[in-house]
Every structure is written in C-alpha cells, then in structure tokens.
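Numbering (this note's numbering), first residue to last: 3 to 311.
Notes to accompany the following structure.
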Ligand code: NAP
C-alpha cells in the first residue's frame, strides 16, 4: 500500500513529490508519456524566480526531479490506464499492473490543443507540429517559410524561436491583436523575420496528396476571403486541453475538463488532491503549478496525519 501516488512529473507533480518526500511519505511518482511535462519542450524559461539569466526548461525539470529523489521520491516511468477513486484505498492500473494507495495527487497537466482539421491529423509529424523547440531545427524547416498559429505567449515564443531556422515566420492569428504578454508581443511583432497575418484562420493544411506540408489555406474571418500561403511547416500553438479524461464522472470538473478543487487542493473525493495545469486555466505558469504542487503535498500530508489520529 502506497501512502502517496503522484500522477505527473511536471512542475506541479515534482514539487508535490519534493514536499511529500521531505515529509517522509516516500511518494511514488508516475511520469505518464511525457516525463518532465510540457516545460521540457520549452527552450529558455525566463520567468521562473531565482534564475536571472533564465534556465532551459529541460534542465529545470531534471534538477527538480533530482531534488525530489534526493529526499526519497520514487519516479517511475509509467502511464495510468484506469483509476478506481470512489473510496480509499484507491486502485490505479499502471501499464497493466494494479497498485493501491491511501492518497492520490493528480498533476497530469495539459496537452496541446489541435485545430481540429483532418489535414492537420494526416500531416502530423510530416510538417505539422506542436513544438518548435522539439522540431524547429529539422532539415525540412531550414530556410523555409513557416507558419505559426495562435496569438498567445506560446505562439510568440514559437515564432521567435523559429526565426533561427526559417526564411520567414508567418504568425496567423484569428483576431487583430495578440493575447500574449506585452513583452513577448513586442519582441515578436518587432522581429524582422516575423510577419503577422491578422483576423485569419487556417481552414486546410496542404498537401495531403503529397503527404507533406506545402502550404496552408487561410480564411480572413472579417472578409471571408480565402487565400493560399506557401510554407514547409505549420506550428500549432493555440493553447491546451487538460489531461483529465480518466477522472470524468468521478471528480468535479468544469465544462472544459479542468478539475475543480473543493477546498485548497482537495477534490470532492477525500484523499484525492489536484495541482497544476489540469485544474488551472487561469494562471498556467511554471511557478504557479509548483506552488499548487506544494499545497497539494501539504494537504495530502495533513489528510494522512488525520487518518492516523
Ligand atoms: P493561450 O494564452 O490560451 O492562447 C491561445 C491562443 O490561441 C489565443 O491567442 C487564442 O486566440 C488562440 N486560439 C485558441 N483556440 C484557437 C483555435 N481553435 N483556432 C485558432 N486560434 C485559437 O495559450 P498559450 O499561448 O499556450 O499560453 C498558455 C499559458 O502559458 C498562458 O498563461 C501564458 O502566459 C503561459 N505561457 C507563458 C510563457 C512565458 O511567459 N514565457 C510561454 C508560453 C506560455 P484568442 O486570443 O482569440 O483567444
């Protein structure tokens, strides 16, 4: 019987691991399919406190994992396939094996939102991608026109990063102003290689017949005019979808699938706590996820202490 199982190894999960490990609860931490979470796909993180020069996202997560392991956290590569959370002890099936635990901290994060086009699905990894840091340096994108879709901080970050490789980066946004923070928006819009295309949506990614990206079809949402734009890659950066499908029907969620805690990090099921992007559609920062992970760890520790009284 585990005392604490943590689902997810992003900032929230690993911070919860650090705190529960230091409370001598020897947490079992399950990585899911993306050890380190989405931050590992970011280049430089400039807004995590304590790193005035910024820190590489992968390095930050590696250090955080080492810090949690130093105090006894056990990080295991594994994906949770199903959960039985109706009452404690809770049962989790992880890669075919079942395990039981007194508490669960859900820090399963969020995945990339897709445009929802069939051409997008068919051309994924053939020029359509969701991560500039992972794929931007590939030979097929070098000295080519590239398209980034979105108007938030992620889209700005992706577009700026891609200027290292692309001949030009078209930033396609459905409105005529960016949602991104001022500093990111200004950096993006003043970059000589970045050309914004306002009020426009991608209606099709070309060319499924050739089995590679050759361009996009765009529609101006104000004029309804359709145009085609040549490009060798499409980088989709239109936000995220919480990884909470496993908990549907058991834990309280909003209409978009974000888990709604009842009090602090406690969910509607006593003994199940939540932290990070799977329950936060407002702040979604590395440092807020870390803070929520800390809170969930303290809540789990107090819950366990209460059981033993
Ligand atoms: P976001 O802020 O939610 O922005 C998503 C963007 O995609 C918005 O501009 C949105 O348009 C657009 N969009 C959404 N659905 C769309 C669709 N179906 N078709 C076309 N466009 C669509 O997401 P994000 O940029 O990933 O940022 C998430 C959070 O992480 C934010 O809190 C952000 O500050 C943070 N972040 C921070 C950094 C940093 O500080 N270095 C870097 C990356 C992310 P509308 O604007 O019209 O809604």
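All residues carry an ideal CB built from backbone N, CA and C; glycine is no exception.
Contact set for residue i: own chain, Cβ-Cβ below 6 Å, skip 5 residues either direction
i           : result
residue 125 : 207 and 215
residue 152 : 239 and 240
residue 303 : 25
residue 20  : 69 and 70
residue 210 : 121 and 124
residue 59  : 41, 42, 44 and 47
Residue range of the beta strand (DSSP E) that includes residue i
i           : result
residue 78  : 76-78
residue 262 : From DSSP, residue 262 is part of no beta strand (DSSP E); its letter is neither H nor E.
residue 127 : Here residue 127 belongs to no beta strand (DSSP E), and DSSP marks it neither H nor E.
residue 107 : 99-108
residue 134 : Note, residue 134: premise wrong, no beta strand (DSSP E); alpha helix (DSSP H) at 134-137.
residue 5   : 4-9
residue 232 : 228-232
Continuous alpha helix (DSSP H) stretch holding residue i: start and end
i           : result
residue 195 : Here residue 195 belongs to no alpha helix (DSSP H), and DSSP marks it neither H nor E.
residue 252 : Element bounds for residue 252: n/a, residue is neither H nor E.
residue 306 : 288-309
Nearest candidate by alpha-carbon position, reference residue i, set the options
i           : options               : result
residue 25  : 277, 5 and 141        : 5
residue 174 : 14, 236, 12 and 245   : 236
residue 313 : 21, 22, 285 and 292   : A query on residue 313 cannot be resolved here, the shown segment of the chain reaching from 3 to 311 and no further.
residue 90  : 224, 256, 183 and 3   : 3
residue 135 : 66, 148 and 46        : 46
residue 41  : 146, 120, 133 and 204 : 133
residue 200 : 210, 224 and 211      : 224
residue 300 : 189, 268 and 188      : 268
residue 222 : 234, 210, 61 and 203  : 203
residue 158 : 137, 190, 29 and 102  : 190
residue 118 : 250, 298, 247 and 242 : 242
residue 43  : 298, 227, 261 and 137 : 137
residue 228 : 181, 205 and 306      : 205
residue 176 : 226, 261, 253 and 210 : 226
residue 257 : 31, 266, 244 and 297  : 244
residue 51  : 306, 292 and 35       : 292
residue 14  : 282, 61 and 249       : 282
residue 128 : 54, 217 and 75        : 217
residue 65  : 102, 16 and 253       : 16
residue 265 : 305, 259 and 249      : 305
residue 61  : 84, 37 and 75         : 37
residue 86  : 251, 143, 39 and 75   : 251
Own chain, CB closer than 8 Å to residue i, minus 5 neighbours either side, in chain order
i           : result
residue 49  : 287, 288 and 289
residue 220 : 174, 199, 202, 203, 204, 205, 228, 229, 230 and 231
Expected contact under 8 Å - CB spacing of residue i and residue j to nearest Å
i           : j           : result
residue 9   : residue 77  : About 12 Å separates the two Cβ atoms, so there is no contact after all.
residue 150 : residue 161 : 4 Å
residue 30  : residue 7   : 5 Å
residue 23  : residue 73  : 4 Å
residue 234 : residue 148 : 6 Å
residue 97  : residue 80  : 5 Å
residue 253 : residue 270 : 6 Å
residue 75  : residue 298 : Not really, about 14 Å apart at Cβ, beyond 8 Å.
residue 95  : residue 88  : Going by Cβ atoms, the distance from residue 95 to residue 88 rounds to 15 Å, so no, they are not a contact pair.
Cβ shell of residue i (< 7 Å), same chain only, five flanking positions each side left out
i           : result
residue 116 : 122 and 238
residue 255 : 246, 261 and 262
residue 111 : 10, 12, 39, 40, 245, 278, 279 and 280
residue 183 : 155
residue 145 : 169
query = Would the region 194-202 and the region 158-166 be scored as touching if the rule is three or more Cβ pairs under 8 Å?
reply = yes
query = Three or more beta-carbon pairs under 8 Å between the region 271-281 and the region 103-123, yes or no?
reply = Three or more beta-carbon pairs drawn from the region 271-281 and the region 103-123 are found closer than 8 Å, and the two stretches are therefore classed as touching.
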